[in-house]
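Quick note on numbering: UniProt numbering labels position 78 of the sequence shown as 78, and the sequence is numbered without any gaps. Using N, Cα and C, we set each Cβ at its ideal position, and we do this for glycine too. Given the structure is predicted, the values throughout are model-derived calculations rather than measurements.
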Amino acid sequence: MPTYTAPLKDMQFLLQDVLRVTETGVPGYEDLDASFTSAVLEEAGKVASEVLAPLNAVGDAQGCVLENGVVRTPEGFKAAFEAMKEGGWTALDCDPEYGGQGLPYLMGTAVGEIFVSANMAFNMYQGLTHGAYSAIHAHGTDEQRATYLPKMVSCDWTGTMNLTEPHCGTDLGMLRTKAEPQADGSYKITGQKIFISAGEHDMAENIIHLVLAKAPGGGEGTKGISLFIVPKFMVKEDGSLGDRNAVSVGKIEEKMGIHGNATCVLNYDGATGFLLGELHKGMRAMFTMMNEARLGVGLQGYAVAEAAYQNAVAYAKDRLQGRDVTGAKNPAGAADPLIVHPDIRRSLMDQKSFVEGARALTFWGASLIDRHHRQNDAAADGLVGLLTPVIKGFQTDKGFEMAVQAQQVYGGHGYIEEQGMSQFVRDARIAMIYEGANGVQALDLVGRKLAADGGKHVMAFFDMVKAECKAHDGDARMVPFTEALKAASKQMQAAGMFFMQNGMKNPNAALAGSYDFMHLMGHVCLGLMWTRMAKAAYAALDAGAADTTFYETKITTGRYYMARQLPACATHLARIESGADPVMALAAEAF
């Protein structure tokens with residue numbers, strides 16, 4: 001079965017050499033020296049390898065079972081969840097006022113990657129709880145925070161987000177769940193929600209559902225939606241649990257992947273709920289969860305690909321097939337290992353260069369969130385808002401593609417369940433869909449984020465790319481990075497200009513190219529990351545770093561991405577500039 005080892009050295013490289021966290025001036029980052037971050041990540045890696053990874057295949061094979069209204073999680077999950085709680089991993093970056101450890105979001109992101117790679121379905125139970133915690137922390141009353149957050153930080157209680165209904169997914173303005181106000185200030189919530197991850201399970205004393213519903217007087221569309229806290233068990237004034245609320249599981253969905261996570265249909269039959277945030281402004285509060293969740297899903301995209309890649313590399317080095325065309329590399333054996341073949345190398349380099357670039361982009365995004373929250377940095381907030389649909393959409397598209405490539409390295413054995421590679425493919429697939437399907441991410445990027453605040457955030461991004469390239473004008477070693485990045489950035493600017501010139505008179509001209517733009521920008525973002533990583537690697541070599549192989553490998557991997565992946569930007573631009581006609585010319589009835 002597949003194995004997993006946390007990529008600790010690569011994470012340390014990003015934190016210490018690329019982001020140079022202790023020098024940023026972000027409050028809390030001064031404590032993130034190499035010895036501290038190493039200790040945290042090493043311990044997380046042990047938990048991942050020894051506790052979580054062995055349960056990944058178990059969760060996939062057993063799934064969750066609904067028995068008399070209670071969901072039973074796979075064998076070993078409950079004990080593993082207790083181990084996570086006891087180790088303090090659920091509280092890593094939460095507010096100390098409520099029992100958290102107060103570490104930066106960046107550290108929560110790095111540890112989260114390790115846990116997702118080891119067992120994505122399992123990590124969703126605590127991951128969704130963190131999102132619900134964040135929404136209550138940001139929008140709840142003092143009483144609500146005191147009531148719910150300490151237990152959610154410890155994961156004695158877990159959390160969910162309830163958006164989707166049978167007739168509406170992305171178009172939340174159509175939702176029908178009702179909230180009727182009561183004399184005591186509470187609401188009665190009635191309706192059905194579907195696709196609720198971790199909606200019911202046996203690992204926590206209580207589950208705190210955050211539910212979108214429509215209260216009277218809100219009007220039509222999303223402007224009339226409010227957000228409510230609906231606990232599975234009512235909470236008494238002394239904090240103890242009371243009666244079961246009127247929320248029940250209709251069924252568990254049978255899914256393609258993430259079998260170890262209970263994806264539930266939840267029925268609300270006059271359940272007691274409490275308004276979170278302002279009445280009729282629930283989308284604002286919910287998006288506190290959604291934006292965090294989208295960065296987390298973008299992380300899932302490359303984290304699963306990392307685990308798949310590790311196993312593909314091991315297989316390629318061990319499996320003997322064919323001879324190297326330049327001469328036998330294993331003359332004593334019947335054949336050479338797969339890794340000698342150029343096409344296998346291409347596949348592995350695709351995977352390696354994507355995963356490492358995506359990790360850098362996600363860590364950078366997490367650091368921008370820290371800058372916003374810890375320094376009230378509006379520019380960082382605007383930039384991460386621009387990057388979020390790219391991190392979510394591009395990285396999950398490519399992460400799935402890389403998981404498929406890892407499976408392909410195994411040939412027919414990759415299609416056989418006992419090898420475990422199909423689970424990576426099946427698990428990675430959902431990340432392209434939930435928390436806003438990737439087509440919607442592309443529409444959000446082009447339709448909203450590019451023009452946000454008069455376009456100043458995308459212009460700041462272009463200035464950042466330009467400054468990065470200019471900083472290396474005198475270094476011939478950086479030419480393969482800066483020249484490729486300049487070209488890709490110009491292609492992204494040309495695409496933006498096409499949207500400006502054509503989008504107003506024909507909105508479809510922009511929307512038909514939105515998916516290509518998301519991928520074009522994704523490549524530019526990873527090109528920027530690889531340029532920064534190459535700079536850091538050369539600096540380490542110039543300073544006499546002991547492990548020259550690591551830094552030389554980093555540079556070689558980056559050169560591959562710039563040479564083999566960034567040229568895709570030209571294709572994306574050509575598609576964008578073809579406009580809406582090729583996409584919209586065929587009448588609906590002709591399909």
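Between methionine 492 and valine 524, the beta carbon gap of about 5 Å places them in contact (Cβ cut-off 8 Å). Between the stretch 543 to 552 and the stretch 468 to 488 there are fewer than three inter-stretch CB-CB distances shorter than 8 Å, so the stretches are not counted as touching.
In the structure shown, the three-state DSSP call for isoleucine 207 is strand. Looking at Ala574, Tyr187, Ala536 and Gly217, the one whose alpha-carbon comes closest to that of glycine 270 is Tyr187. Three or more Cβ pairs closer than 8 Å define a contact, and the stretch 44 to 54 meets that threshold against the stretch 114 to 122. Put simply, the backbone Cα of alanine 380 is about 38 Å away from that of methionine 421. Annotated three-state conformation of valine 71 is strand, per DSSP. The C-beta separation of alanine 431 from threonine 388 comes to about 14 Å, leaving the pair out of contact by the 8 Å criterion. Assignment of asparagine 162 by DSSP, reduced to helix, strand and coil, places it in the strand class. Runs of the alpha helix (DSSP H) spanning 4 or more residues and lying entirely within the stretch 391 to 443 occur at 421 to 430, in chain order.
Annotation for leucine 241: the continuous beta strand (DSSP E) segment containing it runs 241 to 244. If you draw a straight line from the Cα of isoleucine 576 to the Cα of tyrosine 515, it comes to about 9 Å. In the DSSP annotation of this structure, the continuous segment of the alpha helix (DSSP H) that includes proline 54 starts and ends at 53 to 62. Here the alpha carbons of tyrosine 148 and threonine 272 stand approximately 15 Å from one another. The stretch 286 to 298 makes contact with the stretch 125 to 140: 3 or more CB pairs, one atom from each, lie closer than 8 Å. The residue among Ala198, Asn245 and Ala316 with its C-alpha nearest the C-alpha of asparagine 261 is Ala198. Per DSSP, the unbroken beta strand (DSSP E) holding alanine 271 starts and ends at 263 to 276. For alanine 537, there is no enclosing beta strand (DSSP E); the residue is found in the alpha helix (DSSP H) stretching over 514 to 542.
For valine 111, the closest C-alpha among the options Leu92, Ala121, Phe122 and Tyr98 is that of Leu92.
Apart from sequence neighbours up to five positions away, the residues of its chain that approach threonine 164 with a beta-carbon distance below 7 Å are Lys193, Ile194 and Phe195, ordered along the chain. According to the DSSP assignment, valine 355 belongs to the alpha helix (DSSP H) that extends over 342 to 375. Glycine 140 and leucine 573 have their C-alpha atoms spaced approximately 44 Å apart.
Distance between glutamate 23 and lysine 178, taken at the CA atoms: about 50 Å. By the CB criterion at 8 Å, alanine 484 and leucine 566 fall inside the cutoff. For phenylalanine 462, the enclosing alpha helix (DSSP H) starts and ends at 456 to 470. Within a 10 Å sphere around the beta-carbon of glycine 298 sit 16 or more other beta-carbons, which makes this residue buried.
For the options Ala539, Gln419, Ala451 and Leu526, the alpha carbon positioned closest to that of aspartate 475 is the one of Ala539.
Contact between the stretch 235 to 250 and the stretch 404 to 424 is not established, with fewer than three Cβ pairs separated by less than 8 Å.
For glutamine 192, the enclosing beta strand (DSSP E) has its first and last residue at 187 to 197. The shortest CA-to-CA distance from tyrosine 560 to any of Phe591, Tyr551, Arg346 and Gly296 is the one to Arg346. Following the DSSP letters along the chain, one finds methionine 234 inside the beta strand (DSSP E) bounded by residues 233 to 235.
Looking at Gly277, Glu220 and Met402, the one whose alpha-carbon comes closest to that of glutamine 300 is Met402. Looking at the backbone, the Cα of glycine 365 and that of valine 583 are separated by about 33 Å.
The stretch 300 to 312 and the stretch 222 to 233 do not touch, with fewer than three beta-carbon pairs separated by less than 8 Å. With a cutoff of 8 Å on beta-carbon distance, glutamine 441 and methionine 529 are scored as not near each other. When secondary structure is reduced to three states using DSSP, cysteine 168 falls in the strand class.
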